[in-house]
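A.B. asks: Mind having a look at this structure? Questions to follow.
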Amino acid sequence: MTSLLQRVRSKMSIFAHRKARGMLDGEYGSVFRGRSLDFDDLRAYIPGDEVRDIDWKASARHGSPLIKRYVAVRRQTLMLIADTGRNMAAESRDGEPKKDIAVMALGVMGYLAHRHGDVVGLVCGDAHGSRTLPAKAGVAHLERLLQEVDSGTSLGSGPSRLQEQLHHVARTVKGRKLLFVVTDELAEDPGLEQLLRRLRAQHEILWLTIRDAELAGGGAADSFSVADASPLLDRIARSPAVAAAYATATAERESGRHAMLRSVGISEGHVANSHDVMTELFALLERHRRAG
Amino acid sequence: MELMYWWILPVAAAAAAGAGWLVFRKGNRENARRRPVANADRLTALPEYQAALRRYRRWLGVAALAASALAASAAIAVARPVELTTIRPVQHNRDIVLCLDASGSMSSADARVVEVFTELAADFDGERIGLTIFDSSAVQVFPLTDDYSYVQEQLTMAKDAFNGEAGTSGFLDGTWNGRGSSLIGDGLASCVESFPAADGTAHDGPPRDESPRSRSVVLATDNFLSGDPIFTLDQAGDLAQERDVRVYALNPGDFDYGTAAGQPGALLRAAAEATGGAYYPLDSPDAVAGIVRDVQATEAAAIQGAPRAVVSDRPDLPLTVALLSGFVLAGASWRLRP
């Protein structure tokens, strides 16, 4: 069995050719790193580090930028929240199974956390229930989390319902955590918004949306619904009137979700295939840091 | 309406059921080549999609209906729908000689007889007809023939002559040679003689193997004899009987008193009935048409063939239905094209 984490790391090293991998580390560090007030030592600046952490006097003496490090930095907990319902076994907009993209995104985020010495946990499940894998350190544990998501998602899984997992987190997770939510294009609804507001009060939340397949218009191909295995008539889906109506409905849903997440204070990223995961995560972290 | 190959229908039904089973058997395996998509209800719940789906289903229903109608009607057409009827074929092998008394008192009745035969000749098919007129001597206007255009032409001329129209007097030439008038026995004998001999010796060449033709004479006369005929009416009747010729006598002037056997009408009746024919006294010339048709019917009935079962194919209805449903199916398929 090829290791899922291996795949994630090779993807990250390919990304490193284009952007310094350390930059991503720096982004993660500045977003998630808990700060204490007890200064420990200085280390060299890595691109992506928070500018306000630069010790300007020390840098001036040293000749190159130095970053202040603090002791007794709290060990952060990253909670990966994944939907393993059958919706995630469907195709994404670019034709990959959404599950693969989710595993890639979770892996990248988990690995970044691991490199910062943070512990990583997982809450996943479908409409029938949620499972929690407690937060631990180590690549073996991370690999187990990814395997859990990968093998737990199939066309035979229960229907997707992310609210179930979010409720589970609200009920069971104590303390302030970093939540990384990977799901597909959810629709706005008041219950969800209230739930997110409740979670946001307690946790830091990053939200990654995996694009759903185009159902109407020119991109529509022979497809069947994962909900009930019924085929969709692509000759109808391709008709201009239906395509236009679908495009309108999609745009409304998009803007509704954006408005909801923005009002709650959650940064959202979108990804349509696993190649874009690194870039999008980088942009997402950047956006979240700016939003502060 | 019956089906000749009725066993085609269960075979066709079984074939249709088999085809249907093959097509609809693997409804789920179809999904193997489709891609799974999530949140399909976001598309299918759109009113536009629902409307298009309803339209699509309607056309699908039309196509299914047309296809099954096509299959059913084609199967029925293949099973060969036939109509079984029993007919008694009328054989058109009659010979009719019109034997008309050309004396002045008969002209209106003669004109009617000729007129009626002019009409009848239009429908003749295989019958032969001849015309002989007589007064004191008999003249054969035309012998037995099936050249109907010629017959029509001659009968029209005869009608004009009997109606006394100008320029037709020559038609009756030769019927009067002064030896008397209405020499009926001679006239009838001439008419009977104009049939070919029953043994076929009158034919040139080898005798033909053909069914015997019925022979009849339509004799229009008032039987007022004046003069001295060679043949008496009785002798002529015997000759007709011998030659197997039936005589149908039409008498426009039946002025018999009482029922005595010596009256002219009674004599004519006796002669006609002796040959197997019939005798019709005429009240007016207009009654001729009915009588002649009556005679024709009697003659036809007398020589009807044996009853035969006739099988006639009736594929027109199923084939029409098949054609129409084919058109409908083509239209629906065009609407349903991917």
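Sequence lines, in order, name chains A and B.
The numbers in the first sequence follow my numbering, run straight up by one, and end at 293.
The numbers in the second sequence follow my numbering, run straight up by one, and end at 383.
Ideal Cβ placement from N, Cα and C applies to all residues, glycine included.
In this text the structure is predicted, and so the values were computed from the model without any measurement.
Report the rounded CA-to-CA distance for L167(A) versus Q203(A), giving the unit in angstroms.
C.D. replies: 13 Å
A.B. asks: When you check each C-beta in the region 246 to 267 of chain A against every C-beta of chain B, which residues fall closer than 8 Å?
C.D. replies: A246, Y247, A250, T251, R254
A.B. asks: Kindly indicate which residue of R44(A), R291(A), V109(A), D223(A) has the alpha-carbon position closest to the one of R78(B).
C.D. replies: D223(A)
A.B. asks: Within the continuous beta strand (DSSP E) that includes L129(B), where are the two ends?
C.D. replies: 126 to 132
A.B. asks: Tell me whether F69(B) sits in a helix, a strand or coil according to DSSP, three-state version.
C.D. replies: helix
A.B. asks: For I237(A), go through chain B and note every residue whose CB falls closer than 8 Å to its CB, in chain order.
C.D. replies: Y94, A97, L98, Y101
A.B. asks: What do you reckon, are the CB atoms on A167(B) and K204(B) nearer than 7 Å?
C.D. replies: no
A.B. asks: Determine the contact status of D163(A) and E205(A), defining contact as a CB-CB distance below 7 Å.
C.D. replies: Checking the sequence, you will find Leu at residue 163(A) rather than Asp. Not in contact: L163(A) and E205(A) (Cβ atoms no closer than 7 Å).
A.B. asks: Is it the case that the region 133 to 140 of chain A contacts the region 106 to 121 of chain A, given that we only count it when at least three CB pairs across the two stretches are under 8 Å?
C.D. replies: yes
A.B. asks: Taking three-plus beta-carbon pairs below 8 Å as touching, is the region 222 to 237 of chain A in contact with the region 181 to 188 of chain A?
C.D. replies: With a cut-off of 8 Å, the region 181 to 188 of chain A and the region 222 to 237 of chain A do not count as touching, because too few Cβ pairs lie within range.
A.B. asks: Roughly how many angstroms lie between the CA atoms of G122(A) and L156(A), to the nearest whole one?
C.D. replies: The alpha-carbon atoms of G122(A) and L156(A) are separated by roughly 25 Å.
A.B. asks: Check each residue of the region 88 to 100 of chain A: if its Cβ is closer than 9 Å to any Cβ of chain B, include it; give the result in chain order.
C.D. replies: N88, M89, A90, A91, E92, G96, P98, K99
A.B. asks: Is the region 228 to 244 of chain B in contact with the region 183 to 191 of chain B, if contact means three or more CB pairs nearer than 8 Å?
C.D. replies: yes
A.B. asks: Give the single residue among W51(B), V56(B), Y101(B), P297(B) whose Cα lies nearest to the Cα of W379(B).
C.D. replies: Y101(B)
A.B. asks: So what does P48(A) bridge to, in DSSP terms?
C.D. replies: Answer by DSSP bridge pairing: none, since P48(A) is not bridged.
A.B. asks: What does a CB cutoff of less than 7 Å around L262(A) pick up in its chain, not counting 5 residues either side in sequence?
C.D. replies: W208, E269
A.B. asks: Put F276(B) into one of helix, strand or coil per three-state DSSP.
C.D. replies: Residue state, collapsed to three classes: coil.
A.B. asks: For the region 77 to 88 of chain B, which residues have a beta carbon sitting closer than 9 Å to at least one beta carbon of chain A?
C.D. replies: Correct list: R78, R79, R80, P81, V82, A83, N84, A85, D86, R87, L88.
A.B. asks: Pull up the DSSP beta-bridge partners for Y324(B), would you.
C.D. replies: A294(B)
A.B. asks: Since L115(B) meets chain A, which of its residues come closer than 8 Å, beta carbon to beta carbon?
C.D. replies: Neighbours of L115(B) on chain A: none; closest Cβ ~23 Å, over 8 Å.
A.B. asks: Can you tell me whether A106(A) is helix, strand or coil according to DSSP?
C.D. replies: Note: A106(A) maps to helix in three-state DSSP.
A.B. asks: If the criterion is Cβ atoms closer than 7 Å, does the pair A109(B) and S370(B) meet it?
C.D. replies: no
A.B. asks: Contact check, S93(A) vs N274(A) under 8 Å by CB: the rounded distance?
C.D. replies: With 8 Å as the limit, S93(A) and N274(A) qualify as a contact, their Cβ atoms being about 6 Å apart.
A.B. asks: Give the residues of chain A in contact with L91(B), contact being defined as C-beta atoms less than 7 Å apart.
C.D. replies: Neighbours of L91(B) on chain A, chain order: V243, A246, Y247, A250.
A.B. asks: I need the DSSP call for M80(A), collapsed to helix, strand or coil.
C.D. replies: strand
A.B. asks: Grab the span of the beta strand (DSSP E) containing I178(B) for me, first residue to last.
C.D. replies: 173 to 179
A.B. asks: By the criterion of Cβ-Cβ separation under 9 Å, what are the contact partners of P383(B) in chain A?
C.D. replies: D235, R236
A.B. asks: Are any of the Cβ atoms in chain B nearer than 7 Å to that of V227(A)?
C.D. replies: yes
A.B. asks: Any idea what DSSP makes of T444(B), helix, strand or coil?
C.D. replies: Past the edges of chain B, shown from 46 to 383, lies residue 444(B), and the structure says nothing about it.
A.B. asks: Give every residue of the same chain whose Cβ lies closer than 7 Å to the Cβ of E128(B), excluding the five residues on either side of it in the sequence, and list them in chain order.
C.D. replies: M46, S357, R359
A.B. asks: Would you identify the three-state DSSP class for L209(A), choosing helix, strand or coil?
C.D. replies: strand
A.B. asks: Round the Cβ separation of K100(A) and M89(A) to the nearest angstrom and send it over; I've been treating them as touching at under 8 Å.
C.D. replies: 5 Å
A.B. asks: Run the CB neighbour count on D218(B), radius 10 Å, all protein chains shown included, and call it buried at 16 or more, exposed below.
C.D. replies: exposed
A.B. asks: Where does the unbroken beta strand (DSSP E) through S259(B) begin, and where does it stop?
C.D. replies: From DSSP, the beta strand (DSSP E) with S259(B) extends over 259 to 265.
A.B. asks: Going by other Cβ atoms of all chains shown within 10 Å of its Cβ, with 16 needed for buried, is H129(A) buried or exposed?
C.D. replies: That one is exposed.
A.B. asks: Let me check understanding here. Comparing Cα to Cα, which of L54(B), A206(B), I121(B) lies closest to D361(B)?
C.D. replies: I121(B)
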